[in-house]
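Reading through the structure tokens given below for one structure.
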């Protein structure tokens, strides 16, 4: 796993632009909420640490990871946000459901990004078991939410350069 080689919460703060003038949306899956709430906390704390104002961070909840695509697009089209961060956790089970959901969400976020209007950050953990998810939601490998927040700040800043 890649997170064995790089801690998800490690980054160079000197390379992160100021987020004080940016607006963000965080869309959180309610499925596996033990994990997704930890991811959301990581995103929120990292965004505010880098200057994002709490009133410029919109949070919305959806039933599962599949619904993240719709919600991300609707929020982006109905709000003036500079980036949308989708957070979910899909744990492999006994049926092919895992494969279908992971594939659909990945393709959905890729399609949203291909539109090129704003960045959509893919913060969906796809793990073989719950322990792997715990390890990546504030556990021994850090918090994927931190990584997503940094990506959102950097990509929103980059997108702003081309407006």
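Numbering (this note's numbering), first residue to last: 20 to 182.
Every residue gets a Cβ at the ideal spot worked out from N, C-alpha and C, and that includes glycine.
> residue 151: buried (16+ other C-beta within 10 angstroms of its C-beta) or exposed?
Replying inline: On the chain shown, position 132 is the one that residue 151 refers to. That one is buried.
> Taking residue 118 as the reference, which of 147, 168, 26 has the closest Cα?
Replying inline: Counted from its first residue, the chain shown places residue 118 at position 99. Answer by Cα proximity: 147.
> Can you name, in chain order, every residue of its own chain whose Cβ lies under 6 Å from the Cβ of residue 139, other than the five neighbours on each side?
Replying inline: Within the chain shown, residue 139 is the residue found at index 120, counting from 1. Correct list, in chain order: 91, 103, 128, 131, 132.
> How would you call residue 74, buried or exposed, if buried means at least 16 neighbouring beta carbons within 10 angstroms?
Replying inline: For this step, residue 74 is matched to residue 55 along the chain shown. The residue is exposed, with fewer than 16 neighbouring Cβ atoms inside 10 Å.
> Are the beta-carbon atoms of residue 144 and residue 173 separated by less than 8 Å?
Replying inline: Here residue 144 refers to the residue found at position 125 of the chain shown. Here residue 173 refers to the residue found at position 154 of the chain shown. No.
> Among the residues of its own chain, which have a CB less than 7 Å from the CB of residue 36, if the five just before and after it don't count?
Replying inline: Start at 1 with the first residue of the chain shown, and residue 36 comes out as number 17. For residue 36, where only same-chain residues beyond five positions count, the Cβ hits under 7 Å are 172, 173, 176.
> Opposite residue 145 in the DSSP bridges: which residues?
Replying inline: Position 126 of the chain shown holds residue 145. The partner list for residue 145 (beta bridge, DSSP) reads 109.
> Which whole-angstrom value is the C-beta distance of residue 41 and residue 71, which I expect to be below 8 Å?
Replying inline: Position 22 of the chain shown, counted from the start, is the residue given in the question as residue 41. Position 52 of the chain shown, counted from the start, is the residue given in the question as residue 71. Confirmed, Cβ separation roughly 6 Å.
>> Would residue 84 and residue 107 qualify as a contact pair, given that the criterion is a beta-carbon distance under 8 Å?
In response: The residue given as residue 84 occupies position 65 in the chain shown. The residue given as residue 107 occupies position 88 in the chain shown. Cβ atoms of residue 84 and residue 107: closer than 8 Å.
>> According to DSSP, is residue 24 part of a helix, a strand, or is it coil?
In response: Along the chain shown, read from residue 1 onward, the residue named residue 24 stands at position 5. Looking at residue 24 - three-state DSSP - the assignment turns out to be coil, as it is neither helix nor strand.
> If you draw a straight line from the alpha carbon of residue 62 to that of residue 135, how long is it in whole angstroms?
Replying inline: As a working mapping, residue 62 is identified with position 43 in the chain shown. As a working mapping, residue 135 is identified with position 116 in the chain shown. Looking at the two C-alpha atoms, the distance is approximately 22 Å.
>> Can you tell me whether residue 100 is helix, strand or coil according to DSSP?
In response: Against the chain shown, residue 100 aligns to sequence position 81. In the structure shown, residue 100 sits in coil (DSSP, three-state: anything other than H, G, I, E or B).
>> Is the separation between the beta-carbon of residue 156 and that of residue 57 shorter than 8 Å?
In response: Here the question's residue 156 lines up with position 137 in the chain shown. Here the question's residue 57 lines up with position 38 in the chain shown. Result yes, Cβ atoms of residue 156 and residue 57 sit closer than 8 Å.
>> Counting C-beta neighbours from all protein chains within 10 Å, is the total for residue 113 16 or more, i.e. buried, or is it exposed?
In response: Taking the chain shown and counting its residues from 1, one reaches residue 113 at position 94. With fewer than 16 Cβ atoms within 10 Å of its Cβ, residue 113 is classed as exposed.
>> So residue 137 and residue 54 are supposed to be a Cβ contact under 8 Å. How far apart are they, rounded?
In response: Position 118 of the chain shown holds residue 137. Position 35 of the chain shown holds residue 54. Actually they do not touch by this definition, with Cβ atoms about 25 Å apart.
> Per DSSP, what kind of secondary structure is residue 47 in: helix, strand or coil?
Replying inline: The residue you call residue 47 lines up with position 28 of the chain shown. DSSP places residue 47 in strand when its eight states are reduced to three.
>> Using only the alpha-carbon positions, how far apart do residue 100 and residue 110 sit?
In response: Here residue 100 is taken as the residue at index 81 of the chain shown, counted from 1. Here residue 110 is taken as the residue at index 91 of the chain shown, counted from 1. Residue 100 and residue 110: Cα-Cα distance of roughly 30 Å.
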